[in-house]
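J.:
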Amino acid sequence: MNTFIKICGLRSAADVAAAVAAGANAVGFVFSDSVRKVTPAQARQATANLDVRVRRVAVMRHPDNELCRRVIEEFAPDVVQTDADDFGGLQIPGHIECWPVFREGAAEVATTGLYVYEGPRSGSGEKIDWARAAEIARRGRMILAGGLAEDNVRLAVRTVRPWGVDVSSGVESLPGYKDHDLIKRFISAVRAAEKEL
């Protein structure tokens, strides 16, 4: 089992290069209010030399169609990620993947397909209930997020058995500042957990 790994909240080409060198499968850029917020132009510049096998993810929360259009036109992401309820009103071209976010405590969670399972507030470092997440993970391809870091992701992967994991604050030295060594160590911990399954 190869766990899909997304490093989120990146802001520079150096961050992207560090994530890819460590083995990340996807890099995420935040376009909603956050210390990690970037412009579509900054995200495009940061991924200018990105390997085509690594997915570029536009991360939003409750975007309107104008923001979504601008991000798609200027950044050209492979994936749009936002809360599941947001997708009903958005106009997203068919060639772009859509990753719905379901938050802990939601009344309904996707039963098929790929989705992100997250805490109430993205990027806050709040750990979610892994036992509950493990039950939900059996229903589809879950990307587990929420409070993951080098010191707990190994246990999270063994407990929840998600299709993928997503980290942002857990690989930062300060809010919004990625620590390249922490990225490497986080991914190494995920790969170590795979060998134990």
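Be aware that the sequence shown starts at 45, since it is given in this note's numbering, and climbs by one per residue. Glycine is no exception: its CB is placed at the ideal position from the N, C-alpha and C atoms.
1. Determine which residues share a DSSP beta bridge with Met186 and list them.
2. Skipping 5 residues on each side, what residues in its chain have a beta carbon closer than 6 Å to that of Val153?
3. Going by C-alpha to C-alpha distance, which of Asp210, Lys228 and Leu111 sits closest to Gly190?
4. Is the beta carbon of Phe119 sitting closer than 8 Å to the one on Ala102?
5. Rounded to whole angstroms, what's the CA-CA distance from His106 to Asp130? Just pull it up for me.
6. Counting only the same chain and skipping the five closest in sequence on each side, list residues whose C-beta sits under 8 Å from that of Glu238.
7. Just the C-alpha distance for Ile172 and Asn109, rounded to the nearest angstrom, thanks.
8. Using beta-carbon positions only, say whether Ile187 and Leu158 come within less than 8 Å of one another.
9. Smallest Cα separation from Arg183: which of Pro164, Glu170, Leu192 and Pro206?
10. Val98 and Ala66 - do their beta-carbons sit closer together than 8 Å?
11. Locate the beta strand (DSSP E) running through Phe131, then write down its first and last residues.
12. Would you tell me roughly how many angstroms separate the C-alpha atoms of Tyr221 and Ala62, rounded to the nearest one?
13. Here's a check: name, in chain order, each residue in its chain whose Cβ is nearer than 6 Å to the Cβ of Val82, leaving out the five neighbours to either side.
14. Looking only at C-alpha atoms, which of Glu148, Ala150 and Arg114 sits nearest to Leu134?
15. What separation, rounded to the nearest whole angstrom, lies between the Cα atoms of Asn196 and Cys112?
16. For Arg88, collect the residues of the same chain with a Cβ closer than 8 Å to its Cβ; drop the 5 residues on either side in sequence, then sort them by chain order.
T.: Walking through what the data contain:
1. Tyr159
2. Closer than 6 Å at the Cβ level, and outside the excluded window around Val153, lie Phe146 and Ile180.
3. Asp210
4. In contact: Phe119 and Ala102 (Cβ atoms closer than 8 Å).
5. 6 Å
6. Met45, Asn46, Thr47 and Val201
7. 30 Å
8. Yes, the Cβ-Cβ distance between Ile187 and Leu158 is below 8 Å.
9. Closest option to Arg183, Cα to Cα, is Pro206.
10. no
11. Where Phe131 is concerned, there is no enclosing beta strand (DSSP E), given that its DSSP letter is neither H nor E.
12. 13 Å
13. Around Val82: Arg55 and Phe73.
14. When the alpha-carbon of Leu134 is set against those of Glu148, Ala150 and Arg114, the nearest one is in Arg114.
15. 34 Å
16. Glu118, Phe119 and Ala120
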